[in-house]
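Inspection log for the structure reproduced underneath, given as structure tokens.
Numbering (the numbering used here), first residue to last: 15 to 453.
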């Protein structure tokens, strides 16, 4: 490295965002994750003894996954290589493995492969490192915001120890902010800062467990605030509120499906408060509100059904209103529909009826349509003597005749419950059954 490279690196570090400059350099500086990094914990012992095997760190953004991998790399006596799954491919991985094998032969050193966003690797990319992990050519350390049990190949996951990092607590965030305020080398210690406890608490609240969010907001507050006459800078609650106006909400893929599942189960469980919470948490995190409507439309038939058929009408009209109004005001009819479906009487008789009918159809019986129900607009040589009875022409709304194929006579697909208005349907069917028996 020449003088100019050294100067450029120093300048790049100085101009890097505060969150990047304040990354911990050792386990003693690391904030949070006491469940896996407390003194005496397995992970801490493995790192300290340089005996860490292949592992994957996963958890929400800003909790220290990449930082922890970097600390491992800097504290090991081995060699280390770093790749990003977004920009790397099979060729890059194979090149790392080849260098690792040569290093091991020539110097007896092990090689750590640090892979950011490891869930982005496809099966081919993952498979190319399996043998190298097994024979010890590399020690794989992945970091990801996605649950590896869901987003990664089982072959990789089975060869790694999984460590889950939790969202940082507000006290953890405040500790990190205070460090940044006083650190003169990497932080904001060169400024004469006065930051109120209310401002610190607001940053910690708004960060939602993400240290990066908190440090970015603090840096924005400091750099955008005019100094006082004596050169000092006051970071008040008002300044903090302007720099972080709303709480950060992030949803990874597995959390997305978990929250969608919670929304559906809350609708089914008749809990409007929980259904509203999960629906709007998804929307505020950036999910398409039409996703909520698709589930509402399904549940209006799946879980409410004939117990209150008006639920489907409410949801459909709410959906049309939302399309015309947009999210800001359209979230009102959305909330209306959510509450209606959640509080409506429940029946899954439609689901059961559909499943039974489809199962019967798929059983393979190619039964013929009874003669009296066939289309009479074309000639037929078949004449059984049976004639279709037009119900309205016989003094009522029901006429005694066969509607199912011969081999399914007497079969019931739909069995109404006594919930809500479906009780009326059950009474109606029983009534015409009795009429039928009288004839």
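Cβ atoms here follow ideal geometry from the backbone N, Cα and C, with glycine treated the same way.
For residue 177, the enclosing beta strand (DSSP E) begins and ends at 175-178. About 5 Å separates the Cβ atoms of residue 127 and residue 95, confirming a contact at the 8 Å cut-off. For residue 155, the three-state secondary structure derived from DSSP is strand. Between residue 362 and residue 316, the CB-CB gap stays under 8 Å. In the structure shown, the three-state DSSP call for residue 208 is strand. Looking from the CA of residue 220, the closest CA among 441, 182 and 415 belongs to 182. Under the DSSP assignment, residue 127 falls in the beta strand (DSSP E) whose first and last residues are 125-130. Annotation for residue 72: the continuous beta strand (DSSP E) segment containing it runs 69-72. As DSSP reads the structure, residue 304 sits in no beta bridge. Closest by C-alpha distance to residue 41, out of 213, 428, 122 and 78, is 78. Of all C-beta pairs linking the stretch 368-387 to the stretch 416-432, three or more are shorter than 8 Å, placing the two stretches in contact.
The residues 153 and 175, in chain order, have a CB closer than 7 Å to that of residue 67 in the same chain once the five nearest residues on each side in sequence are set aside. Residue 51 and residue 212 have their C-alpha atoms roughly 30 Å apart. As DSSP reads the structure, residue 248 sits in a beta bridge with 208. DSSP places residue 432 in the coil class of the three-state scheme, outside both helix and strand. If you check the CB distance, residue 145 and residue 83 do not come in under 8 Å. Contact between residue 273 and residue 295 holds: CB atoms are separated by about 6 Å, below the 8 Å threshold.
Here residue 406 is exposed: its Cβ has fewer than 16 other Cβ atoms, across all protein chains shown, within 10 Å. Counting only the Cα atoms, residue 166 lies some 16 Å from residue 104.
Your pair residue 366 and residue 429 checks out as a contact, with CB atoms roughly 7 Å apart and the cut at 8 Å.
Residue burial is scored here from C-beta neighbours: residue 223 has at least 16 other C-beta atoms within 10 angstroms and is therefore classed as buried.
Pairing residue 286 with residue 353 gives a Cβ-Cβ distance under 8 Å.
Judged by DSSP secondary structure, residue 294 falls within the alpha helix (DSSP H) whose first and last residues are 286-298.
Secondary structure of residue 366 (DSSP, three-state): helix. Following the DSSP letters along the chain, one finds residue 324 inside the alpha helix (DSSP H) bounded by residues 324-339. Under DSSP, residue 95 shares a beta bridge with 127. Rounded to whole angstroms, residue 85 and residue 172 show a C-alpha spacing of 24 Å. With fewer than 16 other Cβ atoms from the protein chains shown falling within 10 Å of its own Cβ, residue 101 counts as exposed. If you draw a straight line from the Cα of residue 191 to the Cα of residue 299, it is about 25 Å long. Residue 386 is positioned such that its CB atom lies no closer than 8 Å to that of residue 412. Judged by DSSP in its simplified three-state form, residue 121 adopts helix. The beta carbon of residue 307 is closer than 6 Å to those of 333 in its chain, skipping five residues each way along the sequence. Of the residues assessed, residue 432 falls on the exposed side of the cut-off, its CB having fewer than 16 other CB atoms within 10 angstroms.
The shortest C-alpha to C-alpha distance from residue 381 to any of 65, 111, 164 and 420 is the one to 420. Note on geometry: alpha-carbon atoms of residue 217 and residue 30 lie some 20 Å from one another.
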